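K.L.:
Take a look at the following structure, please.
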Amino acid sequence: MKVLYFDCFAGASGNMILGALVGLGVNADELIEKLRLMKIPDFQIEFSEQDKSGIKAIYAEVKAPDEKHHRHLSEIERIISESSLSAQVKDRACRIFRKIAEAEAKIHGVAIEKIHFHEVGAMDSILDIVGACVGFEILGIQKFICSPINTGHGFVQMQHGQFPIPAPAVTEILQGIPIYSNEIEGELITPTGAAIIATLCSEFGTMPKMKIEKVAYGAGKRDYQNFPNVLRLLLGEEIESPNEETYTSKTFQNAEDSPNHKTTETLILLETNVDDVSPEVLGFLMEKAFQLGALDCWFTPIQMKKSRPGVMISVLCEKGKENEFAKLLYNETSTLGIRFYETKRQSLRRQIVSFQSKYGSVNLKISHLDDEIISIKPEYEQIREIALKLNKPFRQIEREILKELKDEQAGSRKES
406 MKVLYFDCFA GASGNMILGA LVGLGVNADE LIEKLRLMKI PDFQIEFSEQ DKSGIKAIYA
466 EVKAPDEKHH RHLSEIERII SESSLSAQVK DRACRIFRKI AEAEAKIHGV AIEKIHFHEV
526 GAMDSILDIV GACVGFEILG IQKFICSPIN TGHGFVQMQH GQFPIPAPAV TEILQGIPIY
586 SNEIEGELIT PTGAAIIATL CSEFGTMPKM KIEKVAYGAG KRDYQNFPNV LRLLLGEEIE
646 SPNEETYTSK TFQNAEDSPN HKTTETLILL ETNVDDVSPE VLGFLMEKAF QLGALDCWFT
706 PIQMKKSRPG VMISVLCEKG KENEFAKLLY NETSTLGIRF YETKRQSLRR QIVSFQSKYG
766 SVNLKISHLD DEIISIKPEY EQIREIALKL NKPFRQIERE ILKELKDEQA GSRKES
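Be aware that the sequence shown starts at 406, since it is given in the numbering used here, and climbs by one per residue.
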């Protein structure tokens, strides 16, 4: 699976991401040509190499006309949705802007429809965000992972005055995501950079097991003594966990001959009952639980004391991580107590097959029970990406790939 790792030791911004993407191989002319599909007049993006404390990095300077009015979310979504960009780019970009709008709405205590963007609604920020999404699509990124983020420290000047770093919007956007600061003074993570990362990254922490194909650096605007103000992006193939074996399509026909063991592991189940938590908060809680690495999270309708309808929240996690998830439940719900259980989970042996379909390489998850293959499922995220890119139904893409696989396997048996 194609994975992109954000190494944010110096934070991240929209133009740092753009610069690093060009460093990874995105053609600058192709990127700009696709951005012109939004019909934004008179904009320019210039890419140049810069030296940042001895590291060669690419600086992206976005130039767009000065404007005198602020945009609402609906106007930004219209600019994006009415373009001829791919469905995948539109979906990602609109989700990123909605993430920013939700943060601003919470900070100011107003409805999301009434939020008007200042700096983030300017044309250069729109180009940053949409440009990043275009670059991700060109590189075929299927999974995004991010390191803990260095936010910087001090104060930043904003429209309403001076505010501590990280700025209020950034702090809101990065809730549930590991951050830190060191001796570097100044704003290292911008709302644009924070929103791109928070929206697209599914995991946060140390670098995953991966085969690195390319490394690139996006340059920030400021220079610091003995500190490279750059964002490092690492592009490569994720290495599957030990419980999953990876096969190419050529070896798939012999997958039945592989040893098929069921594995049993001890996990921790956390449960708590609540009767005063809104559906919005529950949805947010589940999202954060999976970001922190929950193995599963679900809600069960229950009847509580005084005949009140309530919800039992259940979180399944690895042993040793229960305190981290307990803290999440205490912070995000009104609960005063949490139940912990040790539980055992048995898992079937799984294999990951890289199948070359007419839509490109797709990972298939194969499950075995004893000597039989009982399930073959295409990777959801890859099918979703293809469906959005081609504007076709998800189930149609899935059916076509499985039929193509079946036909290939039938042909292989005839040859043998």
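From the three backbone atoms N, C-alpha and C, an ideal C-beta is built for every residue, glycine too. Just so it is clear, the structure is predicted and the values come from calculations on it, not from any experiment.
(1) Rounded to a whole number of angstroms, what is the C-alpha to C-alpha distance between residue 429 and residue 541?
(2) Rounded to the nearest angstrom, how far is the Cβ of residue 546 from that of residue 409, given a contact under 8 Å?
(3) Which residue comes first and which comes last in the beta strand (DSSP E) that contains residue 635?
(4) Just the Cα atoms here: how many angstroms apart are residue 790 and residue 711?
(5) In its own chain, which residues sit with a C-beta less than 7 Å from the C-beta of residue 495, not counting the 5 before and 5 after it?
(6) Any idea if residue 814 is buried or exposed, counting beta-carbon neighbours within 10 angstroms, 16 or more meaning buried?
(7) Taking its Cβ as the centre, do 16 or more other Cβ atoms sit within 10 Å of residue 727, making it buried, or is it exposed?
(8) Quick check on DSSP: helix, strand or coil for residue 561?
(9) Locate the beta strand (DSSP E) running through residue 443, then write down its first and last residues.
(10) For residue 419 and residue 462, which I take to be in contact (beta-carbon distance under 8 Å), what is that distance rounded to the nearest angstrom?
(11) Hey, quick one: how far does the beta strand (DSSP E) through residue 621 stretch, first residue to last?
(12) Counting Cβ pairs, one atom from each stretch, are 3 or more of them under 8 Å apart for the stretch 509-517 and the stretch 601-615?
(13) Counting C-beta neighbours from all protein chains within 10 Å, is the total for residue 491 16 or more, i.e. buried, or is it exposed?
(14) Are the CB atoms of residue 680 and residue 627 within a distance shorter than 9 Å?
(15) Quick one: grab the DSSP three-state call for residue 764.
(16) What are the uninterrupted segments assigned as alpha helix (DSSP H) that are 4 or more residues long and contained completely in the stretch 454-537, given in chain order?
(17) Where in the stretch 755-817 do unbroken runs of the alpha helix (DSSP H), each at least 4 residues long, occur, reported from the N-terminal end onward?
(18) On the criterion of 16 or more Cβ atoms from any shown chain inside 10 Å, does residue 736 qualify as buried, or is it exposed?
(19) Taking the beta carbon of residue 411 as the centre, do at least 16 other beta carbons fall within 10 Å, making it buried, or is it exposed?
(20) Measuring CA to CA, which of 757, 458, 762 is closest to residue 644?
(21) Can you tell which of 691, 510, 585 has the C-alpha that lies nearest to the C-alpha of residue 416?
(22) Measure the C-alpha to C-alpha separation of residue 744 and residue 673 and round it to an integer number of angstroms.
(23) Going by beta carbon distance, what residues of the same chain come within less than 8 Å of residue 488, once the five residues before and after it are set aside?
(24) Given a threshold of 16 other Cβ atoms within 10 Å of its Cβ, counted over all protein chains shown, does residue 776 qualify as buried or as exposed?
(25) Is residue 587 near residue 413, with beta carbons less than 9 Å apart?
(26) Distance, Cα to Cα, residue 640 vs residue 618?
(27) Taking the continuous beta strand (DSSP E) assigned at residue 721, which residues delimit it?
(28) Near residue 748, which residues of its chain fall below 7 Å by C-beta distance, leaving aside the five closest residues on each side in sequence?
(29) Could you check if residue 464 is buried or exposed, using at least 16 other CB atoms within 10 Å of its CB as the buried criterion?
(30) Quick one: using the 10 Å Cβ neighbour count with 16 as the cut-off for buried, is residue 796 buried or exposed?
(31) In terms of alpha-carbon separation, which member of 725, 607, 595, 752 lies closest to residue 786?
(32) Can you name, in chain order, every residue of its own chain whose Cβ lies under 6 Å from the Cβ of residue 699, other than the five neighbours on each side?
(33) What residue does the beta strand (DSSP E) around residue 682 start on, and which one ends it?
(34) Going by the DSSP bridge assignment, what does residue 452 pair with across the sheet?
(35) Excluding the 5 residues flanking residue 740 on each side, which residues of the same chain have their C-beta closer than 7 Å to its C-beta?
(36) Once you ignore the five residues that flank residue 603 on each side, which residues in its own chain have a CB closer than 8 Å to its CB?
P.N.:
Answer, in terms of the structure:
(1) Translated into positions along the sequence shown, residue 429 becomes position 24. Translated into positions along the sequence shown, residue 541 becomes position 136. Their backbone Cα atoms lie some 10 Å apart in a straight line.
(2) Walking along the sequence shown from the start, residue 546 turns up at place 141. Walking along the sequence shown from the start, residue 409 turns up at place 4. Confirmed, about 5 Å.
(3) The count along the sequence shown starts at 1 and reaches residue 635 at position 230. First-last of the beta strand (DSSP E) with residue 635: 635-643.
(4) The count along the sequence shown starts at 1 and reaches residue 790 at position 385. The count along the sequence shown starts at 1 and reaches residue 711 at position 306. For residue 790 and residue 711, the distance between alpha carbons rounds to 47 Å.
(5) To locate residue 495, count along the sequence shown from 1; it is residue 90. Excluding residues within five positions, the ones whose Cβ falls inside 7 Å are 485, 486.
(6) Within the sequence shown, the letter at position 409 stands for residue 814. With fewer than 16 Cβ atoms within 10 Å of its Cβ, residue 814 is classed as exposed.
(7) Along the sequence shown, read from residue 1 onward, the residue named residue 727 stands at position 322. Counting Cβ neighbours within 10 Å, residue 727 comes out buried, since at least 16 surround it.
(8) Position 156 of the sequence shown, counting from 1, holds the residue named residue 561. Looking at residue 561 - three-state DSSP - the assignment turns out to be strand.
(9) Position 38 of the sequence shown, counted from the start, is the residue given in the question as residue 443. Here residue 443 belongs to no beta strand (DSSP E), and DSSP marks it neither H nor E.
(10) Translated into the one-based positions of the sequence shown, residue 419 becomes position 14. Translated into the one-based positions of the sequence shown, residue 462 becomes position 57. Contact flag wrong, Cβ pair sits at about 15 Å.
(11) Taking the first residue of the sequence shown as position 1, residue 621 is located at position 216. Unbroken beta strand (DSSP E) run through residue 621: 615-624.
(12) no
(13) In the sequence shown, the residue the question calls residue 491 occupies position 86. By the neighbour-count rule (16 or more Cβ atoms within 10 Å), residue 491 is buried.
(14) Position 222 of the sequence shown holds residue 627. Position 275 of the sequence shown holds residue 680. In this structure, residue 680 does not lie closer than 9 Å to residue 627 by Cβ.
(15) On the sequence shown, position 359 is the one that residue 764 refers to. Here residue 764 sits in coil by DSSP.
(16) 478-486, 492-513
(17) 785-795
(18) By 1-based counting over the sequence shown, the position of residue 736 is 331. Result: exposed.
(19) Position 6 of the sequence shown, counting from 1, holds the residue named residue 411. With a 10 Å radius around the Cβ and a threshold of 16 neighbouring Cβ atoms, residue 411 comes out buried.
(20) Walking along the sequence shown from the start, residue 644 turns up at place 239. It is 757 whose Cα lies nearest to the Cα of residue 644.
(21) Within the sequence shown, numbered from 1, the residue matching residue 416 stands at position 11. Selected option, being the one with the closest Cα: 585.
(22) Counting from 1 along the sequence shown, the entry for residue 744 is found at position 339. Counting from 1 along the sequence shown, the entry for residue 673 is found at position 268. Roughly 10 Å between the two C-alpha positions.
(23) Here residue 488 is taken as the residue at index 83 of the sequence shown, counted from 1. Excluding residues within five positions, the ones whose Cβ falls inside 8 Å are 442, 443, 444, 495.
(24) Position 371 of the sequence shown, counted from the start, is the residue given in the question as residue 776. By the C-beta density criterion, residue 776 is exposed, having fewer than 16 other C-beta atoms within 10 angstroms.
(25) For this step, residue 587 is matched to residue 182 along the sequence shown. For this step, residue 413 is matched to residue 8 along the sequence shown. The answer is no: Cβ separation not under 9 Å.
(26) Position 235 of the sequence shown holds residue 640. Position 213 of the sequence shown holds residue 618. C-alpha separation (whole angstroms): 6 Å.
(27) Working through the sequence shown from its first residue, we reach residue 721 at position 316. Here the beta strand (DSSP E) through residue 721 covers 714-723.
(28) The residue you call residue 748 lines up with position 343 of the sequence shown. 672, 674.
(29) Reading the sequence shown from its first residue, position 59 is the one you call residue 464. Classification for residue 464: buried.
(30) Numbered from 1 along the sequence shown, position 391 holds the residue referred to as residue 796. Label assigned to residue 796: exposed.
(31) Position 381 of the sequence shown holds residue 786. The option with the nearest alpha carbon to residue 786 is 607.
(32) Residue 699 sits at position 294 when you count from the first residue of the sequence shown. For residue 699, where only same-chain residues beyond five positions count, the Cβ hits under 6 Å are 720, 722.
(33) The sequence position of residue 682 within the sequence shown is 277, counting from 1. Element bounds for residue 682: n/a, residue is neither H nor E.
(34) On the sequence shown, residue 452 is found 47 positions in, with the first residue counted as 1. Answer is 465, bridged to residue 452.
(35) The residue you call residue 740 lines up with position 335 of the sequence shown. Answer for residue 740: 677, 679, 734, listed in chain order.
(36) As a working mapping, residue 603 is identified with position 198 in the sequence shown. Closer than 8 Å at Cβ, skipping near neighbours: 504, 578, 579, 582.
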